[in-house]
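Remarks on the structure that follows.
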Amino acid sequence: MRAIEITEPGGPRVLEWHEVPEPRVEPGDVLIDVAASAVNRADVLQRQGFYDPPPGTSPYPGLEVSGVVAEVGADVEQFKAGDRVCALLGGGGYAERVAVPWQQVMPVPDGLTLPEAAGLPEAACTVWSNVFMVGRLRRGETLLVHGGASGIGTFAVQLAKALGSYVIATVGSEAKAQRVRELGADEVVNYREEDFADKVKADVILDIMGAKYLAGNVRALRTGGRLVIIGLQGGRKAEIDLGAMLAKRVTVHATTLRSRPVDEKGVIVRSVVDNVWPLVGAGAVRPVVYAEVPMSEAAEAHRMLDSGEHVGKILLVR
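The following block contains the structure:
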(Lines of atoms letter the chains of each structure in order from A and count residues from 1; the text may use other names and numbers.)
(Lines give C-alpha, C1' and ligand atoms only; values in the text may rest on other atoms or scores of the structure.)
Protein backbone atom coordinates (compact mmCIF):
# COMPACT_ATOMS: atom_id res chain seq x y z
CA MET A 1 0.00 0.00 0.00
CA ARG A 2 1.00 3.66 0.01
CA ALA A 3 1.29 6.03 2.93
CA ILE A 4 2.73 9.42 3.83
CA GLU A 5 6.14 9.03 5.45
CA ILE A 6 8.04 11.69 7.37
CA THR A 7 11.47 11.49 5.74
CA GLU A 8 13.12 13.69 8.38
CA PRO A 9 11.96 16.30 10.92
CA GLY A 10 11.10 19.56 9.20
CA GLY A 11 8.59 21.51 7.17
CA PRO A 12 5.77 20.20 4.99
CA ARG A 13 8.20 19.18 2.23
CA VAL A 14 9.35 16.18 4.34
CA LEU A 15 5.94 14.49 3.84
CA GLU A 16 6.26 12.02 0.95
CA TRP A 17 3.85 9.46 -0.55
CA HIS A 18 5.68 6.10 -0.56
CA GLU A 19 5.09 2.39 -0.97
CA VAL A 20 5.10 0.82 2.50
CA PRO A 21 4.26 -2.60 4.00
CA GLU A 22 0.61 -3.50 4.55
CA PRO A 23 -0.50 -3.26 8.19
CA ARG A 24 -0.79 -6.52 10.14
CA VAL A 25 -4.23 -7.43 11.44
CA GLU A 26 -3.89 -8.69 15.00
CA PRO A 27 -6.66 -10.29 17.10
CA GLY A 28 -9.08 -7.54 18.08
CA ASP A 29 -8.16 -5.32 15.12
CA VAL A 30 -10.29 -3.86 12.35
CA LEU A 31 -8.59 -3.26 8.98
CA ILE A 32 -10.01 -0.19 7.24
CA ASP A 33 -9.74 0.75 3.57
CA VAL A 34 -9.21 4.46 4.13
CA ALA A 35 -11.43 6.94 2.30
CA ALA A 36 -10.12 10.02 4.09
CA SER A 37 -8.10 11.29 7.01
CA ALA A 38 -7.74 14.75 8.55
CA VAL A 39 -4.88 17.04 9.53
CA ASN A 40 -4.42 17.78 13.23
CA ARG A 41 -1.96 19.91 15.17
CA ALA A 42 -0.41 16.72 16.56
CA ASP A 43 0.51 15.69 13.00
CA VAL A 44 2.42 18.93 12.58
CA LEU A 45 4.30 18.36 15.83
CA GLN A 46 5.13 14.81 14.73
CA ARG A 47 6.37 16.11 11.37
CA GLN A 48 8.61 18.60 13.19
CA GLY A 49 10.07 15.87 15.38
CA PHE A 50 8.43 16.96 18.65
CA TYR A 51 5.70 14.34 19.11
CA ASP A 52 6.57 10.71 18.46
CA PRO A 53 3.69 8.23 18.13
CA PRO A 54 3.03 6.04 21.17
CA PRO A 55 4.97 2.75 21.30
CA GLY A 56 3.39 0.03 19.19
CA THR A 57 1.42 2.37 16.93
CA SER A 58 1.97 3.21 13.26
CA PRO A 59 4.87 5.56 12.47
CA TYR A 60 2.81 7.40 9.85
CA PRO A 61 0.91 10.57 10.83
CA GLY A 62 -2.86 10.71 11.06
CA LEU A 63 -5.05 10.47 14.17
CA GLU A 64 -8.40 9.78 12.49
CA VAL A 65 -9.85 8.15 9.40
CA SER A 66 -13.03 7.13 7.71
CA GLY A 67 -13.53 4.27 5.31
CA VAL A 68 -14.89 0.78 4.78
CA VAL A 69 -14.00 -2.28 6.83
CA ALA A 70 -11.86 -4.61 4.72
CA GLU A 71 -11.21 -7.33 7.30
CA VAL A 72 -11.61 -8.02 10.99
CA GLY A 73 -9.23 -9.90 13.24
CA ALA A 74 -10.05 -12.79 15.54
CA ASP A 75 -12.47 -12.02 18.38
CA VAL A 76 -14.05 -9.01 16.64
CA GLU A 77 -17.84 -9.31 16.58
CA GLN A 78 -18.80 -5.64 16.60
CA PHE A 79 -17.88 -4.91 12.96
CA LYS A 80 -17.77 -6.81 9.65
CA ALA A 81 -16.36 -6.36 6.17
CA GLY A 82 -18.24 -3.69 4.25
CA ASP A 83 -19.25 -1.55 7.26
CA ARG A 84 -18.87 2.21 6.82
CA VAL A 85 -16.82 3.40 9.79
CA CYS A 86 -14.61 6.11 11.21
CA ALA A 87 -11.92 5.62 13.81
CA LEU A 88 -9.72 7.27 16.40
CA LEU A 89 -6.06 6.36 15.88
CA GLY A 90 -2.73 6.54 17.64
CA GLY A 91 -1.24 7.11 14.17
CA GLY A 92 -1.32 5.77 10.62
CA GLY A 93 -4.24 7.67 9.12
CA TYR A 94 -2.30 9.12 6.18
CA ALA A 95 -2.39 5.79 4.37
CA GLU A 96 -4.48 3.62 2.07
CA ARG A 97 -5.15 1.12 4.86
CA VAL A 98 -4.89 1.13 8.64
CA ALA A 99 -5.43 -1.49 11.34
CA VAL A 100 -7.01 -0.21 14.55
CA PRO A 101 -8.34 -1.86 17.74
CA TRP A 102 -12.08 -2.39 17.42
CA GLN A 103 -12.69 -0.35 20.57
CA GLN A 104 -11.63 2.79 18.68
CA VAL A 105 -13.91 2.22 15.69
CA MET A 106 -17.29 3.92 15.26
CA PRO A 107 -20.10 3.69 12.72
CA VAL A 108 -20.39 6.68 10.39
CA PRO A 109 -23.20 8.90 11.74
CA ASP A 110 -26.35 9.17 9.68
CA GLY A 111 -26.31 11.78 6.95
CA LEU A 112 -22.53 12.11 6.55
CA THR A 113 -20.35 11.24 3.57
CA LEU A 114 -17.24 9.15 4.22
CA PRO A 115 -14.90 12.14 3.76
CA GLU A 116 -16.94 14.27 6.17
CA ALA A 117 -16.82 11.50 8.77
CA ALA A 118 -13.00 11.61 8.73
CA GLY A 119 -13.16 15.01 10.41
CA LEU A 120 -15.11 13.73 13.42
CA PRO A 121 -13.26 11.18 15.59
CA GLU A 122 -10.45 13.32 17.02
CA ALA A 123 -12.58 16.42 17.57
CA ALA A 124 -15.59 14.54 18.92
CA CYS A 125 -13.59 12.37 21.31
CA THR A 126 -11.42 15.27 22.47
CA VAL A 127 -14.32 17.63 23.09
CA TRP A 128 -16.65 15.10 24.69
CA SER A 129 -14.00 13.61 26.98
CA ASN A 130 -12.54 16.93 28.09
CA VAL A 131 -15.47 19.33 28.18
CA PHE A 132 -18.16 16.95 29.40
CA MET A 133 -16.49 13.92 31.02
CA VAL A 134 -13.62 15.81 32.71
CA GLY A 135 -14.92 19.40 32.77
CA ARG A 136 -18.47 18.32 33.68
CA LEU A 137 -20.08 21.13 31.69
CA ARG A 138 -23.78 21.30 32.50
CA ARG A 139 -26.78 22.84 30.77
CA GLY A 140 -26.94 26.56 31.48
CA GLU A 141 -23.23 26.90 32.29
CA THR A 142 -20.75 28.94 30.26
CA LEU A 143 -17.97 27.38 28.17
CA LEU A 144 -14.98 29.37 26.94
CA VAL A 145 -13.26 27.75 23.94
CA HIS A 146 -9.82 28.98 22.93
CA GLY A 147 -9.10 28.60 19.22
CA GLY A 148 -12.77 28.62 18.34
CA ALA A 149 -12.11 28.42 14.58
CA SER A 150 -10.00 25.26 14.79
CA GLY A 151 -11.27 21.75 14.17
CA ILE A 152 -11.59 21.18 17.92
CA GLY A 153 -13.01 24.64 18.48
CA THR A 154 -15.72 24.51 15.82
CA PHE A 155 -16.89 21.16 17.18
CA ALA A 156 -16.83 22.35 20.81
CA VAL A 157 -18.87 25.44 19.99
CA GLN A 158 -21.57 23.41 18.25
CA LEU A 159 -21.74 20.60 20.78
CA ALA A 160 -21.87 22.82 23.86
CA LYS A 161 -24.55 24.99 22.24
CA ALA A 162 -26.60 21.95 21.25
CA LEU A 163 -26.48 20.72 24.86
CA GLY A 164 -27.72 24.00 26.30
CA SER A 165 -24.61 25.95 27.31
CA TYR A 166 -23.67 29.59 26.80
CA VAL A 167 -20.61 29.55 24.53
CA ILE A 168 -17.75 32.04 24.23
CA ALA A 169 -14.87 31.57 21.80
CA THR A 170 -11.55 33.30 21.12
CA VAL A 171 -10.41 33.82 17.53
CA GLY A 172 -7.75 35.81 15.68
CA SER A 173 -9.73 37.66 13.01
CA GLU A 174 -13.13 39.16 12.28
CA ALA A 175 -13.68 36.70 9.43
CA LYS A 176 -13.20 33.80 11.83
CA ALA A 177 -15.37 35.52 14.41
CA GLN A 178 -18.25 35.71 11.95
CA ARG A 179 -17.97 32.03 11.06
CA VAL A 180 -17.84 30.96 14.70
CA ARG A 181 -20.93 33.07 15.47
CA GLU A 182 -22.71 31.26 12.65
CA LEU A 183 -21.86 27.96 14.37
CA GLY A 184 -23.63 29.12 17.54
CA ALA A 185 -21.14 31.07 19.67
CA ASP A 186 -22.92 33.60 21.88
CA GLU A 187 -19.82 35.77 22.25
CA VAL A 188 -16.54 35.95 20.34
CA VAL A 189 -13.34 37.64 21.55
CA ASN A 190 -10.59 38.64 19.11
CA TYR A 191 -7.47 37.82 21.12
CA ARG A 192 -5.38 40.12 18.93
CA GLU A 193 -7.39 43.14 20.09
CA GLU A 194 -8.76 42.28 23.56
CA ASP A 195 -7.77 40.39 26.70
CA PHE A 196 -10.33 37.62 27.12
CA ALA A 197 -9.76 37.56 30.90
CA ASP A 198 -11.04 41.15 31.15
CA LYS A 199 -14.22 40.36 29.23
CA VAL A 200 -15.61 36.96 30.17
CA LYS A 201 -16.46 34.66 33.06
CA ALA A 202 -16.75 30.94 32.40
CA ASP A 203 -17.56 27.77 34.29
CA VAL A 204 -15.41 25.59 32.01
CA ILE A 205 -12.48 26.60 29.77
CA LEU A 206 -11.09 24.38 27.01
CA ASP A 207 -7.53 25.58 26.47
CA ILE A 208 -5.00 24.80 23.74
CA MET A 209 -2.42 27.41 24.76
CA GLY A 210 -1.03 26.21 28.08
CA ALA A 211 1.47 28.47 29.83
CA LYS A 212 0.70 31.73 28.02
CA TYR A 213 -2.97 31.65 29.02
CA LEU A 214 -2.74 30.02 32.45
CA ALA A 215 -3.03 33.16 34.60
CA GLY A 216 -5.70 34.65 32.36
CA ASN A 217 -7.71 31.45 32.42
CA VAL A 218 -7.76 31.43 36.22
CA ARG A 219 -8.91 35.06 36.18
CA ALA A 220 -11.67 34.21 33.72
CA LEU A 221 -13.03 31.26 35.71
CA ARG A 222 -16.03 31.62 37.97
CA THR A 223 -16.02 30.20 41.48
CA GLY A 224 -15.91 26.43 41.19
CA GLY A 225 -14.74 26.65 37.59
CA ARG A 226 -12.85 23.95 35.71
CA LEU A 227 -9.89 24.58 33.38
CA VAL A 228 -9.02 21.76 30.98
CA ILE A 229 -5.68 22.13 29.17
CA ILE A 230 -5.27 20.03 26.02
CA GLY A 231 -2.47 21.86 24.19
CA LEU A 232 0.77 23.74 24.75
CA GLN A 233 0.90 26.13 21.81
CA GLY A 234 1.70 28.94 24.27
CA GLY A 235 4.42 27.09 26.15
CA ARG A 236 4.93 24.46 28.85
CA LYS A 237 5.90 26.40 31.99
CA ALA A 238 4.23 29.27 33.86
CA GLU A 239 3.81 30.67 37.35
CA ILE A 240 0.37 30.65 38.91
CA ASP A 241 -1.19 32.44 41.88
CA LEU A 242 -2.37 29.58 44.06
CA GLY A 243 -4.20 32.05 46.25
CA ALA A 244 -6.43 33.01 43.33
CA MET A 245 -7.17 29.34 42.71
CA LEU A 246 -7.97 28.73 46.38
CA ALA A 247 -10.25 31.75 46.57
CA LYS A 248 -12.27 30.56 43.57
CA ARG A 249 -12.01 26.83 44.34
CA VAL A 250 -11.02 26.16 40.72
CA THR A 251 -9.78 22.89 39.29
CA VAL A 252 -7.08 22.54 36.63
CA HIS A 253 -6.93 19.39 34.49
CA ALA A 254 -4.25 18.63 31.91
CA THR A 255 -5.04 15.75 29.55
CA THR A 256 -3.96 13.99 26.38
CA LEU A 257 -5.86 11.48 24.28
CA ARG A 258 -3.35 9.91 21.88
CA SER A 259 -1.27 8.01 24.43
CA ARG A 260 -4.13 6.56 26.48
CA PRO A 261 -4.57 2.79 26.68
CA VAL A 262 -7.01 1.18 24.26
CA ASP A 263 -9.56 0.42 26.96
CA GLU A 264 -9.65 4.06 28.08
CA LYS A 265 -10.09 5.22 24.50
CA GLY A 266 -12.82 2.63 24.10
CA VAL A 267 -14.80 4.09 26.99
CA ILE A 268 -14.61 7.55 25.39
CA VAL A 269 -15.51 6.24 21.93
CA ARG A 270 -18.58 4.38 23.17
CA SER A 271 -19.73 7.43 25.12
CA VAL A 272 -19.32 9.57 22.00
CA VAL A 273 -21.39 7.14 19.93
CA ASP A 274 -24.13 7.13 22.58
CA ASN A 275 -24.23 10.86 23.35
CA VAL A 276 -22.81 12.76 20.38
CA TRP A 277 -23.66 10.73 17.27
CA PRO A 278 -27.44 11.29 17.66
CA LEU A 279 -26.82 15.06 17.57
CA VAL A 280 -24.66 14.67 14.45
CA GLY A 281 -27.32 12.52 12.81
CA ALA A 282 -29.95 15.15 13.63
CA GLY A 283 -27.84 17.90 12.07
CA ALA A 284 -27.31 19.80 15.35
CA VAL A 285 -23.55 19.23 15.16
CA ARG A 286 -21.61 18.84 11.90
CA PRO A 287 -17.97 18.62 10.88
CA VAL A 288 -16.80 21.95 9.49
CA VAL A 289 -14.68 21.22 6.40
CA TYR A 290 -12.31 23.94 5.21
CA ALA A 291 -10.71 22.01 2.35
CA GLU A 292 -10.29 18.55 0.84
CA VAL A 293 -6.78 17.76 -0.41
CA PRO A 294 -5.58 14.56 -2.11
CA MET A 295 -3.78 12.43 0.47
CA SER A 296 -0.70 12.21 -1.74
CA GLU A 297 -0.46 16.01 -1.42
CA ALA A 298 -0.41 16.04 2.38
CA ALA A 299 2.40 18.59 2.29
CA GLU A 300 0.00 21.15 0.81
CA ALA A 301 -2.58 20.39 3.51
CA HIS A 302 0.08 21.00 6.17
CA ARG A 303 0.96 24.32 4.56
CA MET A 304 -2.71 25.30 4.86
CA LEU A 305 -2.73 24.41 8.55
CA ASP A 306 0.56 26.20 9.17
CA SER A 307 -0.87 29.38 7.60
CA GLY A 308 -3.51 29.60 10.34
CA GLU A 309 -6.14 30.82 7.88
CA HIS A 310 -8.39 27.76 8.01
CA VAL A 311 -11.71 27.38 9.83
CA GLY A 312 -12.54 23.81 10.80
CA LYS A 313 -10.91 20.68 9.41
CA ILE A 314 -8.58 20.10 6.47
CA LEU A 315 -9.28 16.64 5.05
CA LEU A 316 -6.98 14.30 3.13
CA VAL A 317 -9.02 12.29 0.63
CA ARG A 318 -8.16 9.34 -1.60
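Taken in order, the sequence shown gives residues 1 to 318; the numbers are from UniProt numbering.
Just so you know, even glycine gets a beta-carbon here, dropped at the ideal spot from N, CA and C.
query: By DSSP, does Glu16 sit in helix, in strand, or in coil?; result: strand
query: Reducing DSSP to helix, strand and coil, say where residue 320 ends up.; result: Because the chain is modelled from 1 through 318, residue 320 falls outside the range shown and cannot be assessed.
query: Can you tell me where the beta strand (DSSP E) with Lys313 in it begins and where it stops?; result: 313-317
query: Please state whether the Cβ-Cβ distance between Ala162 and Leu279 is less than 8 Å.; result: yes
query: Got a sec? Which residues, its chain only, sit under 6 Å from Ala160 by beta carbon, not counting five neighbours each side?; result: Leu143, Val167
query: With a cut-off of 8 Å, do at least 3 Cβ pairs link the segment 296-313 to the segment 22-40?; result: yes
query: May I have the straight-line CA-CA distance separating Val289 from Arg249, to the nearest angstrom?; result: 38 Å
query: Looking at the structure shown, is Ile268 part of a helix, part of a strand, or coil, going by DSSP?; result: helix
query: Measuring alpha carbon to alpha carbon, tell me which residue in Gly234, Gly235, Leu214 is nearest Arg226.; result: Leu214
query: Which same chain residues, not among the five before or five after Met245, have their C-beta less than 7 Å away from its C-beta?; result: Val218
query: Is the separation between the beta-carbon of Ala211 and that of Ala254 shorter than 8 Å?; result: no
query: How is the alpha helix (DSSP H) around Pro294 delimited, first residue to last?; result: Per DSSP, Pro294 belongs to no alpha helix (DSSP H); it is in the beta strand (DSSP E), 289-294.
query: Are the segment 139-155 and the segment 184-200 touching by the rule of at least three beta carbon pairs closer than 8 Å?; result: yes
query: Does the beta-carbon of Ile314 have 16 or more other beta-carbons within 10 angstroms, so that it is buried, or is it exposed?; result: buried
query: So what's Gly62 in DSSP terms, helix, strand or just coil?; result: coil
query: Would the beta-carbon of Val269 fall within 8 Å of that of Cys125?; result: yes
query: Should Ser307 be labelled buried (16 or more other beta-carbon atoms within 10 Å of its own) or exposed?; result: exposed
query: Could you tell me the boundaries of the beta strand (DSSP E) in which Gly225 lies?; result: 221-229
query: Please specify which runs of the beta strand (DSSP E), each continuous and at least 3 residues long, are wholly inside the segment 87-135, giving them in chain order.; result: 97-101, 105-107
query: Buried or exposed for Pro101, going by 16 or more other Cβ atoms inside 10 Å?; result: buried
query: DSSP three-state call for His302: helix, strand or coil?; result: helix
query: CA-CA distance, Pro287 and Gly119?; result: 6 Å
query: Could you check where the alpha helix (DSSP H) with Arg181 kicks off and where it finishes?; result: 174-182
query: If distances are taken between C-alpha atoms only, which option among Met106, Gln158, Gly111 comes closest to Val127?; result: Gln158
query: So, helix, strand or coil for Asn190, using DSSP?; result: strand
query: How far does the alpha helix (DSSP H) with Leu279 in it extend, from its first residue to its last?; result: 277-281
query: When we look at the beta-carbon of Ser150 and count the other beta-carbons within 10 Å, is it buried (16 or more) or exposed?; result: buried
query: Excluding the five sequence neighbours on either side, which residues of its own chain have a C-beta within less than 6 Å of the C-beta of Gly73, listed in chain order?; result: Val25, Glu26, Pro27, Gly28, Asp29
query: Between Tyr94 and Ala298, how many whole angstroms is the CB-CB distance? I'm expecting something under 8 Å.; result: 6 Å
query: With C-beta atoms as the reference, is Lys199 less than 8 Å away from Val189?; result: yes
query: Mind reading off the beta-carbon distance from Pro61 to Ile6? Whole number of angstroms is fine, and I expect it under 8 Å.; result: 7 Å
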